[in-house]
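Worksheet for the structure shown next.
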Amino acid sequence: MALKNEYSLIFMDMQMPVMDGVTATKQILRNKSASTIIAMTANVLSEDKQRCIEAGMVDFVQKPIKIDELCETIKNLKKKD
Numbered sequence: 010m011a012l013k014n015e016y017s018l019i020f021m022d023m024q025m026p027v028m029d030g031v032t033a034t035k036q037i038l039r040n041k042s043a044s045t046i047i048a049m050t051a052n053v054l055s056e057d058k059q060r061c062i063e064a065g066m067v068d069f070v071q072k073p074i075k076i077d078e079l080c081e082t083i084k085n086l087k088k089k090d
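Counting in this note's numbering, the final residue of the sequence shown is number 90, and the numbers go up one at a time with none missing.
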């Protein structure tokens, strides 16, 4: 879907059944470099976060998702612009 449509913000689950989030992010950014991607994962190790950033994701949100943390992450994106 993200390869056929343009999205300004994508929330990427890191553990999907067919393709992991890192691989999916790399494919999306290869074709849609303007997309901003935020990782959503239960993995909280610094190595996991680093893998997400190295893949091209701009931030990291821990599961279970808390609305206030999600909103803060989006606000922080606006501050970076």
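C-beta: ideal position from N, C-alpha, C; glycine also. Note that the structure is a prediction, hence the values are computed from the model and not measured.
With DSSP run on the structure shown, which of helix, strand or coil describes residue i?
i, result
"Gln36", "helix"
"Lys84", "helix"
"Lys89", "helix"
May I have the straight-line CA-CA distance separating residue i from residue j, to the nearest angstrom?
i, j, result
"Asp57", "Leu38", "19 angstroms"
"Gly65", "Gln36", "10 angstroms"
"Asn40", "Met21", "16 angstroms"
"Ala33", "Ile74", "20 angstroms"
"Ser1", "Gly30", "Absent from the model: residue 1. The displayed extent of the chain is 10 to 90, so no value can be given."
"Ala43", "Gln59", "21 angstroms"
"Met69", "Cys80", "Strictly speaking, residue 69 in this sequence is Phe, with Met absent from that position. Their backbone Cα atoms lie some 12 angstroms apart in a straight line."
Just confirm the distance between the C-beta atoms of residue i and residue j, as a whole number of angstroms; I'd bet it's less than 8 angstroms.
i, j, result
"Thr50", "Gln71", "7 angstroms"
Exposed or buried, what is residue i when buried is set at 16 or more other beta-carbons lying within 10 Å of its beta-carbon?
i, result
"Met28", "exposed"
* Any alpha helix (DSSP H) of 4 or more consecutive residues that is wholly inside the stretch 13-73 -> Whole alpha helix (DSSP H) segments, 4+ residues: 30-40, 55-64.
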